[in-house]
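In the numbering used here, the protein residues as written are 47 to 368.
C-beta: ideal position from N, C-alpha, C; glycine also.
Working notes for the structure below.
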């Protein structure tokens, strides 16, 4: 039986459709992503703007239809930071039900971080004590660790790349003063909001989300996103700094033309990379292991009742990260 999960994020709406494989694993048979910027302006205005709502509703409708066309018997949809914060979130959720025929569950920051942890670390070789997982979204950054080998601890911090771009990098190209202010703010927020039970320094950092996978795509010189290439890639802090400086030096128009960058992500990528650099510095790690798997994969595991490996079809066969 095929199942589907839709992640309604602050920057994008993502779809994953999978079916149970022999032995209890999952075959991922369809993906989808549309950048809709649902979280646009929420930090300032406190509500979802109508244009952002309309873009996102249309995208959710298309992806829900794609899931059904792919044979999904059930669709799990969930929302993250934008729907946690917006005063009119319930109105938006009702509109999703009316237009797409699906219910949306709003995850707490802790739930989001723990799902991200499960999705990213599922393919890591043990031990996991000292490993920290990070997922940079549009509205928030989720961090999680399992230092005692029991129930993971987590933090959800308001450092998402849409939020940080709107607050600090509104000029084109980004001003040096804004970049420095963003770095300082990210470092201070990490220091103030990180639970002491999350290990520091980390023995290993594993990361997911559009900022991190885009950085890996650029570093590898790929024209388009290739899950089988970026999964397990070691992204160094030096490379993160280089990419942040390069992209921030360019106006938005030429930045959008760089191969490997989604045009609709080009405006928020510098902020995301600056936040990522601050995270890597905070945990004193020289590199990060990139994961193609995260919250969507963990959600599908829960929906299917499977605790086994997820395997991608064809040339996207998933292998464990040593």
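Query	Result
Let me check one thing: in DSSP terms, what residues is residue 124 bridge-paired to?	53 and 151
With C-beta atoms as the reference, is residue 334 less than 9 Å away from residue 283?	yes
Is the beta carbon of residue 64 less than 9 Å from the beta carbon of residue 346?	yes
Applying the 10 Å Cβ sphere with the 16-neighbour rule, what's the burial state of residue 183?	buried
Please return the same chain residues whose Cβ sits closer than 7 Å to the Cβ of residue 329, not counting the five positions on each side in sequence.	178, 246, 247, 248 and 251
Comparing C-alpha positions only, which one of 118, 130 and 293 sits nearest to residue 73?	118
Express the C-alpha separation of residue 298 and residue 66 in angstroms, rounding to a whole number.	43 Å
When you compare the CB positions of residue 112 and residue 147, do they come within less than 9 Å of one another, or not?	no
According to DSSP, what are the bridge partners of residue 295?	DSSP, once it has assigned bridges, lists no residue as partnering residue 295.
Quick one, are the C-beta atoms of residue 186 and residue 99 less than 9 Å apart?	no
So, under 8 Å CB-CB, residue 123 and residue 162 are touching, yes? Tell me the CB distance rounded to an integer number of Å.	Actually they are not in contact, since the Cβ atoms of residue 123 and residue 162 sit about 17 Å apart, beyond 8 Å.
May I have the straight-line CA-CA distance separating residue 342 from residue 53, to the nearest angstrom?	7 Å
Near residue 233, which residues of its chain fall below 6 Å by C-beta distance, leaving aside the five closest residues on each side in sequence?	324
In the DSSP assignment, the beta strand (DSSP E) including residue 333 goes from what residue to what residue?	333-336
Please name the residue or residues paired with residue 289 in a DSSP beta bridge.	For residue 289, which the question treats as bridged, DSSP gives no partner whatsoever.
Are residue 116 and residue 209 touching if we call contact CB-CB under 9 Å?	no
What residue range is occupied by the uninterrupted alpha helix (DSSP H) comprising residue 282?	Premise fails: residue 282 lies in the beta strand (DSSP E), 280-282, not in any alpha helix (DSSP H).
If we require 4 or more residues per run, which alpha helix (DSSP H) segments fall completely within the stretch 187-250?	207-214 and 222-239
In the stretch 153-178, which residue ranges form an unbroken beta strand (DSSP E) of at least 3 residues, counting only runs that do not cross its ends?	none
Thinking just about the alpha-carbon of each residue, which of 274, 171 and 131 is nearest to the one in residue 153?	131
Below 8 Å on the Cβ atoms is my contact criterion, and I expect residue 228 with residue 135 to pass it. Report the Cβ-Cβ distance as a whole number of Å.	Going by Cβ atoms, the distance from residue 228 to residue 135 rounds to 26 Å, so no, they are not a contact pair.
Are the Cβ atoms of residue 255 and residue 199 separated by less than 9 Å?	no
Going by CA-CA distance only, name the one from 289, 92, 58 and 76 that's closest to residue 84.	58
For residue 266 and residue 276, which I take to be in contact (beta-carbon distance under 8 Å), what is that distance rounded to the nearest angstrom?	7 Å
Rounded to the nearest angstrom, what separates residue 107 and residue 231 at their Cα positions?	37 Å
Given this structure, state the Cα-to-Cα distance separating residue 281 from residue 144, to the nearest angstrom.	42 Å
If you draw a straight line from the alpha carbon of residue 215 to that of residue 175, how long is it in whole angstroms?	36 Å
Using CA coordinates, which residue listed in 294, 309 and 218 is at the minimum distance from residue 80?	309
Just how far apart, CA to CA, sit residue 212 and residue 313?	10 Å
Kindly indicate which three-state DSSP category residue 66 falls into: helix, strand or coil?	strand
Check whether the Cβ atoms of residue 291 and residue 239 sit closer than 9 Å, and answer yes or no.	no
May I ask you to report which of helix, strand or coil DSSP gives residue 314?	coil
According to DSSP, is residue 303 helix, strand or coil?	coil
Name the DSSP beta bridge partners of residue 78, please?	61
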